[in-house]
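Chemist: Going by my numbering, the first residue of the sequence shown is number 31, and it counts up by one from there.
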Amino acid sequence: MLDSFKEKANDTLYAAGYTIVLIAETFLNLRFTVEKRKEILDQMFIAGVGSLFVVSVVAVFTGMLLTLNTGLGLKDFGAEGQIGLLLTITLTREMSPFMTALILAASIGSAIAAEIGTMKVSEEIDALEVMSIDPVRFLVFPRVLGFSLMVPVLCVYSSILGILGGALVGHFQLGIEYIVYFQDVNERITSIPGLKDLYTGLFKGYVFGLIISAISCSHGLRTYGGAIGVGRATRESVVTSFLMVIFFGYVITALFYRE
């Protein structure tokens, strides 16, 4: 029992250290951004357009659900008119980065882990090293940079759709006029606290994108054991990404909004 725990702890520490070093090596390759611009744009397209439909559907229904549940609670106090303000805060600061990150971790992050993991077990990574091609620069750098740049864009997109979905529910089920709703949204976004919410959400989106892409690449590069190993690496990359998104989401909010 104790030996098993120690082995698991050692594996976890090794994985964490490997991923941190991988992120550091990725930043050291930033000087090759222009050279790798085509690969980076390809990864941005995959992360953005490849998940656009799912992000759109989830964003709209998240805004509708938040508006309905919060609005029904506020209606008991006669404050349902404030739903536009509350929804804007919730989406820009927390929900949009969170749900976007989870969607991308499950769809694009798992694909990255499986793709690189397959290359690892088929010895394609070893072949790159034999040809003096750096796997981090060739495989990891474009994916991490493209992915992390695309997540904040999707966060803004999902916030807009969530607010629009909330407007529909607010009007048809809570009786809130569109002009009142969008006035509250506009006042919050253009205020100093609203801008802080927006910048916090964008920063979270970038951090989440960096974490998810790095974890996915890390698990892919450490894959072993053939097809079973690829499946294991893919599953572990998604689970680890989920846990890190939740953890760092809390840490960033605590740092930005502590008294």
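All C-beta atoms, glycine included, are put in the ideal place defined by N, C-alpha and C. Treat the numbers as computed from the prediction; the structure is a model and nothing was measured.
(1) Mind checking whether valine 166 and glutamate 55 have CB atoms under 7 Å apart?
(2) Considering only the alpha carbon of each residue, which of Val87, Leu115 and Leu285 lies closest to serine 221?
(3) Would the region 180-200 and the region 113-128 be scored as touching if the rule is three or more Cβ pairs under 8 Å?
(4) Going along the chain, which unbroken runs of the alpha helix (DSSP H) with 4 or more residues stay wholly within the region 138-185?
(5) Could you tell me the alpha carbon to alpha carbon distance between leucine 52 and proline 172, rounded to whole angstroms?
(6) By a C-beta neighbour count over all protein chains shown, 10 Å radius and 16 as the cutoff for buried, is methionine 125 buried or exposed?
(7) By the three-class DSSP mapping on this structure, what secondary structure does valine 64 have?
(8) With distances taken from CA atoms, which of Gly250, Gly279 and Met129 is nearest glutamate 266?
(9) Evaluate the contact criterion for the region 208-216 versus the region 97-116: three or more CB pairs, one atom per stretch, below 8 Å.
(10) Distance, Cα to Cα, valine 275 vs phenylalanine 238?
(11) Relative to the C-alpha of valine 87, which residue among Met129, Thr283, Gly147 and Gly205 is closest?
(12) Could you give the DSSP three-state label for tyrosine 287: helix, strand or coil?
(13) Using 8 Å for Cβ pairs, my map puts alanine 77 next to valine 268. What's the rounded Cβ distance?
(14) Using alpha carbons as the reference points, say which of Ile193, Thr122, Leu98 and Thr97 lies closest to glycine 231.
Modeler: Let me spell this out:
(1) yes
(2) Leu115
(3) yes
(4) 140-151 and 154-160
(5) 13 Å
(6) Result: buried.
(7) coil
(8) For glutamate 266, the closest alpha carbon among the candidates Gly250, Gly279 and Met129 is that of Gly250.
(9) yes
(10) 6 Å
(11) Per the Cα distances, Met129.
(12) coil
(13) Rounded to the nearest angstrom, the Cβ distance from alanine 77 to valine 268 is 15 Å, too far for a contact under 8 Å.
(14) Thr122
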